[in-house]
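Novice:
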Amino acid sequence: MDFSGFDIALLVLVALVVLVLFKGIRTIPQGYNYTVERFGRYTKTLSPGLNLIVPFVDRIGAKLNMMEQVLDVPTQEIITRDNATVAVDGVAFYQVLNAAQAAYQVAGLENAILNLTMTNIRTVMGSMDLDELLSNRDAINERLLRVVDEAAHPWGIKITRVEIKDINPPANLVESMGRQMMAERNKRAQILDAEGLKQSQILEAEGRKEAAFRDAEARERSAEAEARATQVVSEAISKGDVQALNYFVALKYTEALTRIGSATNSKVVLMPMEASSLIGTLGGIGEIAKEVFRGDGTAGTPRQAAARPPVVRPSES
């Protein structure tokens with residue numbers, strides 16, 4: 001089959017149209033942005049979906065992932081403010097927000113973010129003591145995020161998170177910290193024991209104070225009662241009532257003999273007085289009772305009892 005010149009020209013035209021369409025149509029996957037360069041200069045950014053460019057004039061420049069990405073920060077040695085050496089590693093999360101800036105404002109985006117993060121980790125953590133470094137990890141992460149995100153902002157990216165994964169002090173330093181912690185706990189235990197002993201002694205002293213106060217009060221009451229009894233007897237004697245004196249002497253005499261007889265350190269009691277004295281005294285008490293009570297069990301009137309003479313029996317020699 002012979003082709004004429006028109007057929008050949010038509011075939012060439014169809015081929016050119018297909019080639020132009022192939023060069024001018026671009027399909028961008030979800031999560032990516034492509035930059036377009038015209039004669040080497042950035043012109044626009046292609047978003048996900050079907051896009052058209054000028055064939056043979058425009059070309060695709062950088063293909064950037066717009067999803068959040070994670071960058072592993074390798075382990076590095078850090079010297080703290082108190083001259084302790086620790087090994088630290090971490091991770092950084094970032095997301096490209098402006099494809100043009102990320103493509104044309106920095107060369108080697110991931111390498112730039114990695115070096116920026118490592119440098120700021122050494123700066124931030126090197127300005128802290130070891131104890132502060134181990135106990136304030138959240139504050140370190142927050143400070144690193146703020147510093148790194150501010151530095152990376154001109155690149156059209158957002159640092160979403162910076163996390164310190166591990167902080168590994170040397171083995172000898174960990175051992176020293178363990179001994180220090182044990183000493184601190186022993187110190188706290190001793191302080192608590194001392195505080196408990198102090199409170200116990202205070203309470204015991206307060207108890208002795210209260211007991212002494214109550215004993216003194218009881219002795220005061222007893223002395224007042226004794227003074228009152230003596231006053232009553234004295235008033236009775238001054239009025240001529242000797243029976244009250246006999247009763248008072250007999251009561252004291254009997255109490256003294258009771259204390260002597262109930263002593264636990266004596267088995268034999270030597271009486272330096274005549275036994276008839278006690279009998280005579282008891283007889284005096286009996287006479288008082290007779291004066292107060294008549295023989296039939298009926299009590300006499302106070303006037304009749306006062307009119308009778310007192311009975312005092314002398315002790316037998």
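Heads up: the sequence shown is residues 1 to 317, going by UniProt numbering. Think of the CB as a built atom: it goes at the ideal place given N, C-alpha and C, for glycine as much as any other residue.
In whole angstroms, what separates the C-alpha of THR119 from that of ASN33?
Specialist: Between THR119 and ASN33, the C-alpha separation is close to 29 Å.
Novice: Along the chain, which unbroken stretches of the alpha helix (DSSP H) at least 4 residues long are found entirely within the region 82–137?
Specialist: 99–104, 109–126 and 130–135
Novice: Quick check on DSSP: helix, strand or coil for THR80?
Specialist: Three-state result, THR80: coil.
Novice: Look up VAL70 in the DSSP assignment and give the residues it is bridged to.
Specialist: For VAL70, which the question treats as bridged, DSSP gives the partners PHE93.
Novice: Taking only the alpha-carbon atoms, compute the straight-line gap between TRP155 and ALA102 and give it to the nearest angstrom.
Specialist: 5 Å
Novice: Taking C-beta to C-beta, are LEU130 and THR80 nearer than 9 Å?
Specialist: Going by C-beta atoms, LEU130 is nearer than 9 Å to THR80.
Novice: Across the region 171–187 and the region 108–127, are there enough close Cβ pairs to call them in contact, namely three or more that are closer than 8 Å?
Specialist: With fewer than three CB-CB distances shorter than 8 Å, the region 171–187 does not count as touching the region 108–127.
Novice: For ILE25, is the classification buried or exposed, using 16 other Cβ atoms within 10 angstroms of its Cβ as the cut-off for buried?
Specialist: exposed
Novice: Going by DSSP, which residues form a beta bridge with LEU50?
Specialist: Beta bridge pairing from DSSP links LEU50 with THR27.
Novice: What whole-angstrom Cβ distance do residue 353 and ARG41 have, given they're in contact under 8 Å?
Specialist: Nothing about residue 353 can be reported from this structure: the residues present for the chain run from 1 to 317 only.
Novice: When you compare the CB positions of LEU71 and LEU114, do they come within less than 9 Å of one another, or not?
Specialist: yes
Novice: On the DSSP bridge list, what partners appear for LEU197?
Specialist: Note: LEU197 sits in no beta bridge, so no partner.
Novice: Rounding to the nearest angstrom, what Cα-Cα distance links residue 328 and ASN168 in this structure?
Specialist: Residue 328 falls outside the range modelled here, since the chain spans only 1 to 317, and no answer is possible.
Novice: DSSP puts VAL162 in a beta bridge; with which residues?
Specialist: ALA92
Novice: Rounding to the nearest angstrom, what Cα-Cα distance links ILE159 and PRO55 in this structure?
Specialist: Rounded to the nearest angstrom, the two C-alpha atoms are 36 Å apart.
Novice: Identify which residue in VAL148, ILE157, ARG219 and MET125 has its Cα closest to the Cα of ASN98.
Specialist: ILE157
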